[in-house]
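The block underneath contains the structure these notes are about, expressed in structure tokens.
In our numbering, the protein residues as written are 441 to 691.
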């Protein structure tokens, strides 16, 4: 088999003897969620093309149109330089065993070097056979509940696709939606602290005298610890103003 001139920049996800068309379609959706569109299908039980797969794939139907149908695993792996086999159970084989995160990081490094990488996923009933795993260069061991180790095909594809995205994309681990506001500036926080200290002083909050300094220090420290937006600051000012107005009414 002749190789394409330019190696693909993504791994091939190889579904080995998948049984249900719905799971093939769901796997296609999972792949496309993470920008993966190189699917190979080895000897699907219900033949190919499969209407159930097309229906389940929904917006990812283009992956199925481009999927390569292979009669057996050797044919599917003929042009691959590095093969990972996903499994949730031990195989008694001398092979490197990667966690999913490390496996996709390794795949990314190899692809950058110009290698062709494939990831094998077994059929739904029992996963990959030992003969399948023997053709892989390394194993991906998914940490699951040992009392219920079976993963749905599409779920496993989704997991590996997610780890591929983490390994190759700039992922921001934590963000804050600002909801139309910005973080309060130091000057705004200082003004808020002074407002509360002034009003609390008028209300006689700072008592007894020998504790006043530490109470004011604790209050200032509290404001500095709180990540406040401008909207938060405006609301806190408004709350204090309303309490002062309420006190002035003499209710």
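Glycine included, each C-beta is placed from N, C-alpha and C at the ideal position. Just so we're clear, the structure is a prediction, and the values are computed from it rather than from any experiment.
Contacting residues, own chain, Cβ-Cβ under 7 Å from residue i (five flanking each side not counted)
| i | result |
| --- | --- |
| residue 563 | 456, 457, 458, 459 |
| residue 488 | 481, 509 |
| residue 442 | Any reading at residue 442 needs caution, since the residue's pLDDT is 48, under 50, leaving its predicted position unreliable; the model's value is listed next. Correct list: empty, nothing qualifies. |
Where residue i sits in the DSSP three-state scheme
| i | result |
| --- | --- |
| residue 479 | strand |
| residue 623 | strand |
| residue 664 | helix |
| residue 508 | strand |
| residue 534 | coil |
| residue 573 | helix |
| residue 652 | helix |
| residue 445 | A caution first: residue 445 carries a pLDDT of 46, below 50, which makes its placement in the model too unreliable to give a value. |
| residue 669 | strand |
Buried versus exposed, by CB contacts within 10 Å (16 or more), residue i
| i | result |
| --- | --- |
| residue 526 | buried |
| residue 573 | buried |
| residue 686 | exposed |
| residue 448 | exposed |
| residue 491 | exposed |
| residue 548 | buried |
| residue 701 | The displayed coordinates of the chain run from 441 to 691. Any statement about residue 701 would go beyond what the structure contains. |
| residue 601 | buried |
Contact set for residue i: own chain, Cβ-Cβ below 8 Å, skip 5 residues either direction
| i | result |
| --- | --- |
| residue 444 | Here residue 444 scores only 48 on pLDDT, less than 50, and its place in the model is too uncertain to base an answer on. |
| residue 664 | 629 |
| residue 533 | 570, 573, 574, 579 |
Expected contact under 8 Å - CB spacing of residue i and residue j to nearest Å
| i | j | result |
| --- | --- | --- |
| residue 582 | residue 528 | 5 Å |
Cβ-heavy atom distance, residue i to the ligand MN, below 8 Å
| i | result |
| --- | --- |
| residue 620 | Ligands are entirely absent from the displayed structure, and the ligand MN is therefore not among its contents. |
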